Amino acid sequence: MGQDEQYAVMLNGGNICPWNNQQKSNCTYSVNGAETSLDDLLSTQVFINERGVKGILDCGASISIMSADVAKRLKFRISPTNIKIKLADSTDTPVVGETEILSVNVSGIVVNLKFIVINNNHHDILLGLDWFLATGASI
Numbered sequence: 080m081g082q083d084e085q086y087a088v089m090l091n092g093g094n095i096c097p098w099n100n101q102q103k104s105n106c107t108y109s110v111n112g113a114e115t116s117l118d119d120l121l122s123t124q125v126f127i128n129e130r131g132v133k134g135i136l137d138c139g140a141s142i143s144i145m146s147a148d149v150a151k152r153l154k155f156r157i158s159p160t161n162i163k164i165k166l167a168d169s170t171d172t173p174v175v176g177e178t179e180i181l182s183v184n185v186s187g188i189v190v191n192l193k194f195i196v197i198n199n200n201h202h203d204i205l206l207g208l209d210w211f212l213a214t215g216a217s218i
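Rendered as structure tokens:
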């Protein structure tokens with residue numbers, strides 16, 4: 080997969096198709112500006128409370144994650160949490176806390192989510208299964 084390709088995302092269970100405002104049980108749309116990196120992560124522009132960040136779509140992640148740097152830069156309130164994170168390689172990673180509920184906009188599809196905040200300088204945010212379930216999206 081190359082850079083600047085558009086990816087089809089299926090919205091399962093959405094009542095209204097964002098393209099034509101018609102009643103649909105399934106509606107496919109493209110994630111605008113989506114691209115893959117060398118490690119095959121699907122990334123796209125995401126607006127959180129109307130502020131743009133680079134997001135990774137990861138249907139293998141149970142929850143959505145935000146880097147502590149982004150949370151601090153955008154001045155999101157971080158609360159303590161007891162949630163533990165185990166990465167794909169089975170290593171544990173320290174959790175800084177969790178955000179308040181935030182408005183998350185990807186290509187005009189808006190949902191409200193909390194993010195788990197970790198010290199990660201590789202990605203601004205990672206949208207996990209909670210985002211996929213909230214939007215009905217699949218890759």
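Per the working numbering, the sequence shown starts with residue 80, numbered consecutively.
For each residue, glycine too, the CB sits at the ideal point set by N, CA and C.
Here the structure is a predicted model, which means the values were calculated and not measured.
Item                                                                                                                              : Value
In terms of DSSP beta bridges, what is D148 paired with?                                                                          : Beta-bridge pairing links D148 to no other residue.
My understanding is that A147 touches V175, with C-beta atoms under 8 Å, so please give their C-beta distance in whole angstroms. : 5 Å
How would you call A167, buried or exposed, if buried means at least 16 neighbouring beta carbons within 10 angstroms?            : exposed
What residue does the beta strand (DSSP E) around F194 start on, and which one ends it?                                           : Careful: F194 lies outside any beta strand (DSSP E) and carries neither H nor E.
How many Å lie between Y108 and T123 at the Cα?                                                                                   : Unreliable placement is indicated for Y108, whose pLDDT of 40 sits below 50; the coordinate value is still reported in the next sentence. Those two C-alpha atoms are separated by around 14 Å.
Tell me the residue span of the alpha helix (DSSP H) that contains L208.                                                          : 208 to 214
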